[in-house]
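These notes concern the structure reproduced below.
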Amino acid sequence: MQPKYQLTMTCKPCSHRSSHEFSKQAYHHGTVLVKCPKCQNRHLIADHLGIFSDEPVTVEDILTGKSEKLRKGIQHAPEGDIEWLPE
1064 MQPKYQLTMT CKPCSHRSSH EFSKQAYHHG TVLVKCPKCQ NRHLIADHLG IFSDEPVTVE
1124 DILTGKSEKL RKGIQHAPEG DIEWLPE
């Protein structure tokens, strides 16, 4: 099984909250876009291939640049509880 990340986010244009999964490899070495299921807007999560920026960038970099917070947690089982990590 390939390691993966899960992201839960709120789309700024339409305020819809949704969850998305993508591989760790794509996040750390590729380009990841997620699409809002309500308004179809695409959100850049990571770009290490230089498609959208000259330098590698992740959602953490993007949010830090906008003075917004990213909250990280660990999901212990596929349908289990989430343990939030200290900030």
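When we follow the working numbering, the leftmost residue of the sequence shown carries the number 1064, and every step to the right adds one.
Quick reminder that beta carbons are idealized off the backbone N, C-alpha and C, glycines included.
Values in this document were obtained by computation on a predicted structure and should not be read as measured data.
Where the beta strand (DSSP E) containing residue i begins and where it ends
| i | result |
| --- | --- |
| K1098 | T1094 to K1098 |
| I1114 | Segment: none, I1114 is in no beta strand (DSSP E) and carries neither H nor E. |
| L1070 | K1067 to T1073 |
| H1083 | R1080 to S1086 |
| Q1138 | G1136 to Q1138 |
Alpha-carbon spacing of residue i relative to residue j, whole angstroms
| i | j | result |
| --- | --- | --- |
| E1131 | M1064 | 32 angstroms |
| Q1088 | Y1068 | 10 angstroms |
| E1084 | T1127 | 22 angstroms |
Cβ-Cβ distance between residue i and residue j below 7 angstroms
| i | j | result |
| --- | --- | --- |
| V1095 | I1108 | yes |
| L1133 | E1118 | no |
| H1106 | H1092 | no |
Nearest candidate by alpha-carbon position, reference residue i, set the options
| i | options | result |
| --- | --- | --- |
| T1102 | S1086, F1085 and K1075 | Sequence check: residue 1102 is Cys here, not Thr. For C1102, the nearest C-alpha among the options comes from K1075. |
| N1104 | H1079, Q1069 and Y1068 | H1079 |
Boundaries of the alpha helix (DSSP H) in which residue i is found, first to last residue
| i | result |
| --- | --- |
| E1123 | V1122 to G1128 |
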